[in-house]
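The sequence shown begins at 4 in our numbering and counts up one residue at a time. Every residue, glycine too, gets a C-beta built ideally from N, C-alpha and C. Report on one structure; see the data block that follows.
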Amino acid sequence: MKISSLYGKVKKAIKDYDLIGENDKVAVGISGGKDSLALLYALKGISMQKDMNFSIHPVMVSMGFENFDTSMVEAFCKNLGLDLTIIHTQLANLIFEERKEKNPCSLCSTMRRGILNKNIKKIGCNKLALGHHQKDMITTAMMNLLYNGKYESISPISFMSDAEIHLIRPLIYVKEEEIISLVDSLSLPVISSPCPVDKITKRRATENLLDQIEKDVPGAEDRIFTALKNTNFLKG
4 MKISSLYGKV
14 KKAIKDYDLI
24 GENDKVAVGI
34 SGGKDSLALL
44 YALKGISMQK
54 DMNFSIHPVM
64 VSMGFENFDT
74 SMVEAFCKNL
84 GLDLTIIHTQ
94 LANLIFEERK
104 EKNPCSLCST
114 MRRGILNKNI
124 KKIGCNKLAL
134 GHHQKDMITT
144 AMMNLLYNGK
154 YESISPISFM
164 SDAEIHLIRP
174 LIYVKEEEII
184 SLVDSLSLPV
194 ISSPCPVDKI
204 TKRRATENLL
214 DQIEKDVPGA
224 EDRIFTALKN
234 TNFLKG
């Protein structure tokens with residue numbers, strides 16, 4: 004994926020859904036995975052363009068997994084002229100050892116989001132950007148259809164009233180394969196997930212189902228995403 008194409012798709016999402024405004028302070032949630040690093044790279048580049056005026060602040064919630072080395076991501080941020088804020092927690096121990104959650108993903112997401120919200124408010128940010136891409140939007144819609152009997156996905160922008168922060172998803176027009184290509188071409192320092200349930204979740208199973216559908220019906224994912232947009236089912 005060309006960097007100019009990445010910038011173009013992210014700027015289109017920003018303008019289509021009014022994701023970022025003048026003088027916004029945008030926290031970027033960093034997991035160390037490919038999506039959040041691509042998002043950070045894109046927003047940093049776009050923030051330096053003449054028609055944009057906002058600042059970005061990378062923030063990571065450390066779950067407390069052993070041997071989770073963040074040094075390469077910290078160096079990557081430094082090279083972009085940014086300081087990575089790392090919030091150290093013991094969520095891994097709480098979720099997997101103390102509570103022994105059988106379905107930990109929802110709890111983990113909720114707790115990490117709460118910790119992020121609290122800490123980014125302290126540094127004065129009014130928006131939180133997450134690295135959900137087009138495949139994530141489609142996967143969420145498919146999961147809602149299969150497991151909840153409704154057809155809707157996550158929103159490009161939503162207001163979290165309890166924290167008074169807008170959550171934004173600027174990568175919604177970017178395909179996963181484009182992010183993978185970008186990561187390879189830029190040698191972004193992706194950290195493998197240490198989570199013990201990574202790749203064995205319902206979400207991963209749904210992604211595999213979508214991969215098979217796309218193989219059998221080429222272009223299916225694009226049409227599903229178009230349907231989500233046209234029927235206004237990208238909701239919060």
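It is roughly 42 Å from the alpha-carbon of residue 223 to the alpha-carbon of residue 101. Using a Cβ distance threshold of 8 Å, residue 62 and residue 32 count as a contacting pair. Beta-carbon to beta-carbon, residue 177 and residue 40 are separated by about 13 Å, too far to satisfy the 8 Å threshold. Approximately 27 Å separates the beta-carbon atoms of residue 120 and residue 51; this is outside 8 Å, ruling out the contact. For residue 65, the uninterrupted beta strand (DSSP E) segment begins and ends at 58-65. Residue 159 counts as buried, since at least 16 other C-beta atoms from the protein chains shown sit within 10 angstroms of its C-beta.
Take residue 80, set aside five residues on each side of it, and the residues of its chain with a beta-carbon closer than 7 Å to its own are 61, 86 and 87, in chain order. Every beta strand (DSSP E) stretch that sits fully inside the segment 31-115 and reaches 3 residues is listed by chain position as 58-65 and 88-91. The distance from the Cβ of residue 12 to that of residue 183 is about 15 Å, inconsistent with a contact at the 8 Å cut-off. The straight-line gap separating the alpha-carbon atoms of residue 228 and residue 54 is approximately 28 Å. In terms of Cα proximity to residue 94, the closest of 69, 82, 83 and 73 is 69.
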